[in-house]
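Peer 1: Residue numbers (my numbering), protein chains in the order written: chain Y, 97 to 239; chain W, 97 to 239. Cβ coordinates follow ideal geometry from the N, Cα and C atoms, glycine included.
2 protein chains.
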Amino acid sequence: MTVFFSKKCEYALQAILLMAASEHESVFPDEEISKKLNIPKEFISKFLQSLTESGLIESKKGKSGGFRLAKHPSKIKLINIVEAIDGLDSFNTCVLGFPKCSAENPCPLHDKWGELRIKAYEMLSEKNLEHFKEITVQKINSI
Amino acid sequence: MTVFFSKKCEYALQAILLMAASEHESVFPDEEISKKLNIPKEFISKFLQSLTESGLIESKKGKSGGFRLAKHPSKIKLINIVEAIDGLDSFNTCVLGFPKCSAENPCPLHDKWGELRIKAYEMLSEKNLEHFKEITVQKINSI
DNA sequence: CTTTAATCAGATAAAATAATCCGATTATAA
DNA sequence: TTATAATCGGATTATTTTATCTGATTAAAG
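1) For Y:Ser221, I'd like the list of residues in its chain whose CB is within less than 7 angstroms of its CB, leaving aside the five on either flank, ordered along the chain.
2) Check whether chain W comes within 8 angstroms of Y:Asn201, counting only Cβ atoms and requiring the distance to be less than that.
3) Given a cut-off of 8 angstroms, decide if W:Pro204 and Y:Phe228 are closer than it, judged by their beta-carbon atoms.
4) Which same chain residues end up closer than 6 angstroms to W:Leu165 when comparing Cβ atoms and leaving out the 5 residues on each side of it in sequence?
5) Going by DSSP, which residues form a beta bridge with Y:Ile153?
6) What does W:Met219 reach in chain Y if we use C-beta pairs closer than 8 angstroms?
7) Using a cut-off of 9 angstroms between C-beta atoms, extract the partners of Y:Lys151 located in chain W.
8) Going by beta carbon distance, what residues of the same chain come within less than 8 angstroms of Y:Gly162, once the five residues before and after it are set aside?
9) Put W:Asn201 into one of helix, strand or coil per three-state DSSP.
10) Anyone know if the C-beta pair for Y:Leu184 and Y:Leu113 falls short of 8 angstroms?
11) So if DSSP puts Y:Lys173 in a beta bridge, which residue, or which two residues, is it bridged to?
12) Out of curiosity, what's the CA-to-CA distance linking Y:Lys135 and W:Glu179?
13) Of all the CB atoms in chain W, is at least one closer than 8 angstroms to the CB of Y:Cys233?
14) Near W:Phe194, what residues of its chain come up, given a Cβ to Cβ distance below 6 angstroms and the 5 sequence neighbours on each side ignored?
15) With 16 other CB atoms within 10 Å as the buried threshold, where does Y:Ala216 fall?
16) What separation, rounded to the nearest whole angstrom, lies between the Cα atoms of Y:Val191 and Y:Gly158?
17) Hey, Y:Ile181 and Y:Ala111: beta-carbon distance below 8 angstroms or not?
18) Between Y:Trp209 and the rest of its own chain, which residues show a CB-CB distance below 6 angstroms, the 5 nearest in sequence each way excluded?
19) How many Å lie between W:Met241 and W:Lys167 at the Cα?
20) Just to confirm the assignment, what range does the alpha helix (DSSP H) spanning Y:Cys242 have?
21) If you draw a straight line from the alpha carbon of Y:Ser118 to that of Y:Lys132, how long is it in whole angstroms?
22) Using 8 angstroms as the threshold, is the C-beta distance between W:Val99 and Y:Ser186 below it?
23) DSSP state of W:Phe100, grouped into three classes?
24) What are the boundary residues of the alpha helix (DSSP H) that includes W:Ile129?
25) Tell me which residue opens and which closes the alpha helix (DSSP H) that Y:Asn237 is part of.
26) Does DSSP put W:Val178 in a helix, a strand or coil?
27) Quick one: is Y:Glu128 near chain W, going by C-beta distance under 8 angstroms?
28) Answer yes or no: do Y:Lys104 and Y:Lys142 have a C-beta to C-beta separation smaller than 8 angstroms?
Written out as structure tokens, the structure reads:
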């Protein structure tokens, strides 16, 4: 396996990047997200519901409804999505799976992995969605 | 989820660290590995077989049989185990799950993730098992 | 030669994750 | 007010991963 994010989380990150890259307050129905990102349509409501519960997006029922960001892109960071979907446990567990790995009882990779973990966290939290607009548009157009 | 290694791979890394930390040429039956590392006994043969096929360890059948390293610990690196169990695909795929992520069509995290991936690879390949002997002994004694 | 203790290999079961389906509800717009 | 198009939520299915079971084989030791 060797996954970093679950599929749900990957999809959620892609979807929210897509929303942030578009006109503010645009509403996206499942169908549109599915087509633009090649995500199984029926699966979308599953992870977008989690994001709705977390207050990151809002859902609008009925005709011409769909999902949209609940905040301005500048107020959202990728780590918020990861936390909502996968949680932050993996930033605190031993990479080798040893129990009670700590500075007192470190595993052979404890220190190195600790550094990488911090860098990974930074990667997800140092920028907000506003910063990713342009590159996201380009990426999506290339799919 | 947000896993880095599969459970199989974690177990395999732990098991091979254990073997490398002991007297050279010691033979370890399933039972012993299971007890020392709290790994389900029946599951051990599953991933140790993969390591046997890869030539990292040898299995000895019959009474007083078991598994032992096929090479000196100084000739084995953690990346060898990862490659044998999980493969190296994750070092080449997009962290956000976008298709065809590349320098020409990068995802928003392409560069940052690229750096981290290299550091992760280094973490697994810069040292050999000989280096981890002492810390492994301490870690296992603390379980 | 027989007993014993181990791996091996294949089948199966359980659990987690990913994907699909469908009826109920909701709200827009004709 | 009615038809339409969307989410919502629960149930179900499929797939993958993890774990267990069992019988066959092997080899050491008495």
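Peer 2: In this structure, then:
1) The residue given as residue 221 of chain Y occupies position 125 in the first sequence. Same-chain partners within the cutoff: Lys173 and Ile175.
2) To locate residue 201 of chain Y, count along the first sequence from 1; it is residue 105. Yes - at least one Cβ of chain W is within 8 angstroms of the one on Y:Asn201.
3) Counting from one through the first sequence, the residue named residue 228 of chain Y turns up at place 132. Counting from one through the second sequence, the residue named residue 204 of chain W turns up at place 108. Yes, the Cβ-Cβ distance between Y:Phe228 and W:Pro204 is below 8 angstroms.
4) Within the second sequence, residue 165 of chain W is the residue found at index 69, counting from 1. Contacts found: Met115 and Ile153.
5) As a first step, residue 153 of chain Y must be located in the first sequence, where it is residue number 57. Partner(s): Y:Leu165.
6) What you label residue 219 of chain W is simply residue 123 of the second sequence in a count that begins at 1. Leu205, Lys208, Trp209 and Leu212, listed in chain order.
7) Reading the first sequence from its first residue, position 55 is the one you call residue 151 of chain Y. Reading the sequence as shown, one finds Gly at residue 151 of chain Y and not Lys. Under the 9 angstroms cutoff, chain W gives no residues; its nearest Cβ is about 21 angstroms from Y:Gly151.
8) Within the first sequence, the letter at position 66 stands for residue 162 of chain Y. Result list for Y:Gly162: Val123, Phe124, Pro125, Asp126, Glu128, Ser155 and Lys156, in chain order.
9) Residue mapping note: residue 201 of chain W aligns to position 105 of the second sequence, counting from 1. Reduced to three states, the DSSP call for W:Asn201 is coil.
10) Looking up residue 184 of chain Y in the first sequence gives position 88. Looking up residue 113 of chain Y in the first sequence gives position 17. Cβ atoms of Y:Leu184 and Y:Leu113: not closer than 8 angstroms.
11) If you number the first sequence from 1, residue 173 of chain Y lands on position 77. Y:Lys173 pairs with Y:Asn224.
12) Counted from its first residue, the first sequence places residue 135 of chain Y at position 39. Counted from its first residue, the second sequence places residue 179 of chain W at position 83. Before going further, note that residue 135 of chain Y is Ile rather than Lys in the sequence given. Going by the C-alpha atoms only, they are around 29 angstroms apart.
13) Working through the first sequence from its first residue, we reach residue 233 of chain Y at position 137. Position check: residue 233 of chain Y holds Val in this sequence, whereas Cys was assumed. It does not; no Cβ of chain W falls within 8 angstroms.
14) Here residue 194 of chain W is taken as the residue at index 98 of the second sequence, counted from 1. Correct list, in chain order: Cys203.
15) Numbered from its first residue, the first sequence carries residue 216 of chain Y at position 120. It is buried - the Cβ of Y:Ala216 has at least 16 other Cβ atoms within 10 Å.
16) Walking along the first sequence from the start, residue 191 of chain Y turns up at place 95. Walking along the first sequence from the start, residue 158 of chain Y turns up at place 62. Cα to Cα, the separation comes out at about 45 angstroms.
17) Within the first sequence, residue 181 of chain Y is the residue found at index 85, counting from 1. Within the first sequence, residue 111 of chain Y is the residue found at index 15, counting from 1. Their beta carbons are not under 8 angstroms apart, which means Y:Ile181 does not touch Y:Ala111 by this criterion.
18) Here the question's residue 209 of chain Y lines up with position 113 in the first sequence. Result list for Y:Trp209: Val191, in chain order.
19) Nothing can be reported for residue 241 of chain W, as the shown portion of chain W is limited to 97 through 239.
20) With chain Y covering only 97 through 239, there is no way to say anything about residue 242 of chain Y.
21) What you label residue 118 of chain Y is simply residue 22 of the first sequence in a count that begins at 1. What you label residue 132 of chain Y is simply residue 36 of the first sequence in a count that begins at 1. Taking the straight line joining both Cα atoms gives about 12 angstroms.
22) Numbered from 1 along the second sequence, position 3 holds the residue referred to as residue 99 of chain W. Numbered from 1 along the first sequence, position 90 holds the residue referred to as residue 186 of chain Y. Yes, they are a contact pair.
23) By 1-based counting over the second sequence, the position of residue 100 of chain W is 4. Note: W:Phe100 maps to coil in three-state DSSP.
24) As a first step, residue 129 of chain W is located in the second sequence; it is residue number 33 there, counting from the start. Note, W:Ile129: alpha helix (DSSP H), Asp126 to Leu133.
25) Position 141 of the first sequence, counted from the start, is the residue given in the question as residue 237 of chain Y. Unbroken alpha helix (DSSP H) run through Y:Asn237: Lys229 to Asn237.
26) Numbered from 1 along the second sequence, position 82 holds the residue referred to as residue 178 of chain W. Helix, per DSSP.
27) Working through the first sequence from its first residue, we reach residue 128 of chain Y at position 32. No, because no Cβ of chain W sits closer than 8 angstroms to the Cβ of Y:Glu128.
28) Taking the first residue of the first sequence as 1, we reach residue 104 of chain Y at position 8. Taking the first residue of the first sequence as 1, we reach residue 142 of chain Y at position 46. Cβ atoms of Y:Lys104 and Y:Lys142: closer than 8 angstroms.
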